[in-house]
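**Student:**
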Amino acid sequence: MTTENTWTMRALDKVEKVGNKLPDPAIIFAFCLFVVWILSAIFSNFTFSAIDPRSGEAVVVNNLLTGDNMADFLSRMVTIFTGFAPLGVVLVAMLGVGVAEHSGFISAGLKRMLDSTPKAMLTPMVVLVAIVSHTATDAGYVLVIPLAGVIFYAMGRHPLAGIAAAFAGVSGGFCANFIPSAIDPLLQSFTQSAAQIIDPDIQVNPLNNWFFNSASTLLIVSIGWYLTDKIIEPRLKDVEVDGDPNDIPKFDELSAKQAKALRYASLTMLAGIILLVGILIPESSPMRAPDGQLTSFAAPIMQSIVPLIFLLFLLPGVVYGFMSGTFTSTKDMIDTMTKAMQGMSYYIVMAFFCALFIDAFGKSNLGALLAIEGAQLLKTLQLPSMVTIVGIIFLTAFVNLFVGSSSAKWALLGPIFVPMLMQLNISPDLTQAAYRLGDSSSNIITPLMPYFPLVVVYCQRYVKSTGIGTLLSMMLPYTICIIFLWTAFLLIYWGLGIPLGIQSSYVYPAG
Numbered sequence: 272m273t274t275e276n277t278w279t280m281r282a283l284d285k286v287e288k289v290g291n292k293l294p295d296p297a298i299i300f301a302f303c304l305f306v307v308w309i310l311s312a313i314f315s316n317f318t319f320s321a322i323d324p325r326s327g328e329a330v331v332v333n334n335l336l337t338g339d340n341m342a343d344f345l346s347r348m349v350t351i352f353t354g355f356a357p358l359g360v361v362l363v364a365m366l367g368v369g370v371a372e373h374s375g376f377i378s379a380g381l382k383r384m385l386d387s388t389p390k391a392m393l394t395p396m397v398v399l400v401a402i403v404s405h406t407a408t409d410a411g412y413v414l415v416i417p418l419a420g421v422i423f424y425a426m427g428r429h430p431l432a433g434i435a436a437a438f439a440g441v442s443g444g445f446c447a448n449f450i451p452s453a454i455d456p457l458l459q460s461f462t463q464s465a466a467q468i469i470d471p472d473i474q475v476n477p478l479n480n481w482f483f484n485s486a487s488t489l490l491i492v493s494i495g496w497y498l499t500d501k502i503i504e505p506r507l508k509d510v511e512v513d514g515d516p517n518d519i520p521k522f523d524e525l526s527a528k529q530a531k532a533l534r535y536a537s538l539t540m541l542a543g544i545i546l547l548v549g550i551l552i553p554e555s556s557p558m559r560a561p562d563g564q565l566t567s568f569a570a571p572i573m574q575s576i577v578p579l580i581f582l583l584f585l586l587p588g589v590v591y592g593f594m595s596g597t598f599t600s601t602k603d604m605i606d607t608m609t610k611a612m613q614g615m616s617y618y619i620v621m622a623f624f625c626a627l628f629i630d631a632f633g634k635s636n637l638g639a640l641l642a643i644e645g646a647q648l649l650k651t652l653q654l655p656s657m658v659t660i661v662g663i664i665f666l667t668a669f670v671n672l673f674v675g676s677s678s679a680k681w682a683l684l685g686p687i688f689v690p691m692l693m694q695l696n697i698s699p700d701l702t703q704a705a706y707r708l709g710d711s712s713s714n715i716i717t718p719l720m721p722y723f724p725l726v727v728v729y730c731q732r733y734v735k736s737t738g739i740g741t742l743l744s745m746m747l748p749y750t751i752c753i754i755f756l757w758t759a760f761l762l763i764y765w766g767l768g769i770p771l772g773i774q775s776s777y778v779y780p781a782g
């Protein structure tokens with residue numbers, strides 16, 4: 272082992288040691304909630320010049336410790352929790368995935384898949400599948416990441432390395448994807464509105480970053496492949512897998528009965544996909560948006576991703592369960608759902624405190640103040656175009672540590688960044704690409720990201736001592752490499768003049 276690698280390992284060990292001394296994520300969110308309350312009371316006494324682009328008025332920090340606000344908080348506590356979006360995504364998806372997993376369908380399918388997947392190609396395939404999962408919004412967090420751990424473990428590799436590789440693809444490479452998804456038109460709508468502050472007639476194509484996102488897929492797969500195989504997994508070689516054997520899937524040879532059940536269950540899933548495609552093809556499909564688009568957020572298909580995951584795993588799971596003998600009655604099917612929810616009990620507790628914190632942070636306007644003041648600082652520096660783009664990337668990555676929602680951040684930053692850079696002859700398309708890159712890079716190192724504690728739970732399935740520090744130390748190399756190499760990639764891409772996407776440009780006004 273080289274001196275450089277030895278230093279890297281020691282540094283990561285230190286990160287893990289310090290990180291594991293942090294309180295439980297639920298306690299962190301509860302502590303952050305109290306901090307937000309106190310800071311809101313302090314900063315509410317000050318007047319700020321920062322203009323909130325959403326209202327056109329100066330940002331005012333709301334004191335959450337007033338009697339009225341505390342009464343409002345208590346009256347809304349239940350709805351804040353039940354309305355927490357990631358909670359529904361996780362629980363509904365896991366109901367279906369839980370049936371497929373505990374019936375044995377997923378395990379059987381993995382056995383077949385492992386027979387045809389070369390061990391050397393496992394890592395890049397996991398990262399690639401994780402990236403493609405963005406098409407199904409947040410499904411990668413509840414489906415791809417845990418399955419990656421199962422696949423690595425079945426291959427005789429360390430399961431935490433598989434989880435890290437998938438997490439890097441799903442979250443660290445969130446901007447990269449060669450398949451358009453609902454996030455494209457969502458961000459485009461904010462970009463266009465921001466650009467029209469300067470040019471009321473400007474139009475921004477929803478796929479204005481598609482070519483760059485597609486090319487970035489190869490970069491993220493390469494980074495994930497190298498780091499997982501050369502840095503992360505070697506460091507995990509002495510970490511014992513000591514999870515509960517009952518929670519770790521076993522991969523015995525398939526019996527003839529199981530093979531038949533897998534065949535029919537797979538056909539059931541395939542039939543479901545074909546039926547779905549058949550419904551989507553007609554221009555008059557009820558699953559399309561009123562304007563005929565499939566990738567628009569107004570399209571019912573984009574609002575039905577999680578329910579579709581539920582059905583596409585529930586139905587083949589039930590078929591496999593009854594045909595293989597795992598299920599003998601409908602009660603067995605319900606029992607698997609119950610078991611899946613038992614595994615989510617810790618996440619539900621964490622989600623309660625996380626939801627309260629995020630609601631308070633947004634209601635206080637502290638997040639808006641942080642984002643706008645940071646953007647204004649960047650504006651006053653008047654740096655060269657490439658330096659400004661790099662600054663936006665790193666500022667976005669920093670703000671992302673505190674404000675997780677991609678659309679929420681862009682709603683705040685877009686009206687500042689886009690008009691500002693248009694005045695520097697930088698196009699809205701390039702500004703949006705820089706934002707998306709920065710937004711992706713730091714997802715995997717912030718415990719405040721709603722799905723971060725869920726990934727900790729996935730790791731604890733195999734290594735009981737896994738804590739926040741363990742996951743941080745695994746993911747930090749990915750973040751560092753992704754943000755620096757991806758930024759360099761964007762600058763080179765820009766320098767070569769390769770189109771960012773459909774009807775896109777690098778300069779404003781477009782030549």
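Counting along the sequence shown from 1, when you hit position 189 you're at 460 in the working numbering, and nothing is skipped either side. No residue lacks a Cβ here, since even glycine has one placed at the ideal position from N, Cα and C. Keep in mind that this is a model prediction, so the values were computed, not measured.
What residue range does the alpha helix (DSSP H) around Y535 cover?
**Tutor:** 527-551
**Student:** Does DSSP put A560 in a helix, in a strand, or in coil?
**Tutor:** coil
**Student:** Buried or exposed: which applies to I502, given that a residue is buried once 16 or more other Cβ atoms fall within 10 Å of its Cβ?
**Tutor:** buried
**Student:** Relative to the C-alpha of A811, which residue among L414, A631, R534, L692 is closest?
**Tutor:** Here the chain covers residues 272 to 782 and nothing more, so residue 811 does not appear.
**Student:** Quick check: C730 and T717, are their CB atoms within less than 8 Å of each other?
**Tutor:** no
**Student:** With DSSP as the reference, label D267 as helix, strand or coil.
**Tutor:** The displayed coordinates of the chain run from 272 to 782. Any statement about residue 267 would go beyond what the structure contains.
**Student:** If F598 sits next to S374, beta carbons under 8 Å apart, how far is it from one beta carbon to the other, in whole angstroms?
**Tutor:** At roughly 6 Å, the Cβ-Cβ gap stays under 8 Å, so F598 and S374 are in contact.
**Student:** Given a cut-off of 8 Å, decide if L684 and T758 are closer than it, judged by their beta-carbon atoms.
**Tutor:** For T758 and L684, no; Cβs fall outside 8 Å.
**Student:** If we call anything under 8 Å between Cβ atoms a contact, is L490 one with L666?
**Tutor:** no
**Student:** Three-state secondary structure (DSSP) at I468?
**Tutor:** The DSSP-derived three-state label of I468 is coil.
**Student:** With L695 as the anchor, note down where its alpha helix (DSSP H) starts and where it stops.
**Tutor:** No alpha helix (DSSP H) contains L695, which DSSP labels as neither H nor E.
**Student:** Quick one: is L366 buried, meaning 16 or more other Cβ sit within 10 Å of its Cβ, or exposed?
**Tutor:** buried
**Student:** Whole angstroms is fine: what's the gap from A321's alpha carbon to L538's?
**Tutor:** A straight line joining the alpha-carbon of A321 with that of L538 spans about 58 Å.
**Student:** What does DSSP give as the partner residue(s) for I322 in the beta ladder?
**Tutor:** A329
**Student:** So is P571 buried or exposed if we call it buried at 16+ other beta carbons inside 10 Å?
**Tutor:** exposed
**Student:** By Cβ distance below 7 Å, which residues in the same chain neighbour I416 in space, the five residues on each side in sequence not counted?
**Tutor:** I434, A437, F438, V441, V726, Y729
**Student:** Less than 8 Å between the CB atoms is what I'm expecting for F445 and N714, so what's the real figure, rounded?
**Tutor:** Cβ-Cβ separation between F445 and N714: approximately 6 Å, consistent with a contact (criterion under 8 Å).
**Student:** Closest to Y424 by CA distance: which of L507, M745, I754 is it?
**Tutor:** In terms of CA proximity to Y424, L507 leads the group L507, M745, I754.
**Student:** If you draw a straight line from the alpha carbon of K610 to that of P296, how long is it in whole angstroms?
**Tutor:** Rounded to the nearest angstrom, the gap between the Cα atoms of K610 and P296 is 23 Å.
**Student:** May I ask you to report which of helix, strand or coil DSSP gives V778?
**Tutor:** Residue state, collapsed to three classes: strand.
**Student:** Tell me, to the nearest whole angstrom, how far the beta carbon of T651 is from that of L695; I am working on the premise that it is less than 8 Å.
**Tutor:** Wrong, their Cβ atoms sit about 13 Å apart, outside the cutoff.
**Student:** Could you name the residues of the same chain whose beta carbon sits closer than 7 Å to that of N276, not counting the 5 residues immediately before and after it, in chain order?
**Tutor:** In this prediction, N276 scores a pLDDT of 48, lower than 50, which makes its location untrustworthy; no coordinate-derived value is stated.
**Student:** Using a Cβ-Cβ cutoff of less than 6 Å, which residues in the same chain neighbour A536 once the five nearest sequence positions on both sides are dropped?
**Tutor:** F376, P587, V590, Y591
**Student:** In the structure shown, what three-state DSSP assignment does M348 receive?
**Tutor:** M348 sits in a helix when the DSSP states are folded into three classes.
**Student:** Whose C-alpha, out of M341, K390, L478, A419, is nearest the C-alpha of A704?
**Tutor:** L478
**Student:** Can you name, in chain order, every residue of its own chain whose Cβ lies under 7 Å from the Cβ of M657, other than the five neighbours on each side?
**Tutor:** L762
**Student:** Whole angstroms are fine: how far does the CA of S775 sit from the CA of I487?
**Tutor:** Here residue 487 is Ser; the residue named in the question, Ile, does not match the sequence. If I take the Cα positions, the gap works out to 17 Å.
**Student:** Please confirm whether L579 and L546 have their CB atoms less than 8 Å apart.
**Tutor:** no
**Student:** Using beta-carbon positions only, say whether A364 and V577 come within less than 8 Å of one another.
**Tutor:** Yes; because the gap between Cβ atoms is below 8 Å, this pair is in contact.
**Student:** Nearest to P655 by CA position, among I643, A639, I697, is which residue?
**Tutor:** I697
**Student:** Specify whether the segment 337-346 and the segment 556-566 touch according to this definition: at least 3 beta carbon pairs, one from each stretch, less than 8 Å apart.
**Tutor:** no
**Student:** Can you tell me the Cα-Cα spacing of G549 and S555, whole angstroms?
**Tutor:** 12 Å
**Student:** So for R428, helix, strand or coil by DSSP?
**Tutor:** coil
**Student:** Once DSSP output is grouped into helix, strand and coil, what is the label at D295?
**Tutor:** coil
**Student:** According to DSSP, is K735 part of a helix, a strand, or is it coil?
**Tutor:** coil
**Student:** Could you pull the start and end residues of the alpha helix (DSSP H) that P587 belongs to?
**Tutor:** For P587, the enclosing alpha helix (DSSP H) starts and ends at 576-595.
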